[in-house]
Amino acid sequence: MDKVKIDQVLYSITRTAGPILVENKACCGAITYNQNEIEVLTDLGKSAEVVTLVHEIVHGITYERGINTLIKDESVETFTEEMAKGIIQLIRDNPDLVNYVSGK
C-alpha cells in the first residue's frame, strides 16, 4: 500500500529506515499534513507496521475533520493509539464490514 485517501486528501505512504523524529522524539511513524505524507519505519514487524500506519491515519482523520483541537494535547497519542487498535480489531473481527461499507 503506497497511498491512502483521508477525506479528500491523498496521502503518500513511504517506508523509511529512519530515524523518524517528531518534536525530537523517535517514533515508528509520522504524518506531515502540508506534504500529504505518512512515513513508517521499515524495520517494524507486520503487526507493528499495521498499528503504526492506522495510528497515523487516525491522526490524519482528526486533522482533516478539524477535530484534532478537541483532544487535549496530553491525550492525543493515547487517543490515537487506542482508536487505531480499535479500528484494526473491528476490521479483523468483522471482515465483511469493509465490503459492506464500501458497497461491494
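When you line the sequence shown up against our numbering, it's residues 61 to 164, in that order.
By construction, the Cβ of each residue, glycine as well, lies at the ideal position given by its N, Cα and C atoms.
Q.
Between the alpha carbons of Lys145 and Gly163, how many angstroms are there, rounded?
A. 24 Å
*Inter-residue spacing [alpha-carbon to alpha-carbon] between Gln149 and Asn84*: 31 Å
Within 9 Å, strictly: CB atoms of Val100 and Thr129:
no
Quiz item: Which same chain residues, not among the five before or five after Glu124, have their C-beta less than 7 Å away from its C-beta?
Solution: Ile66, Asp67 and Val69
Less than 9 Å between the beta carbons of Asp103 and Gly78, yes or no?
yes
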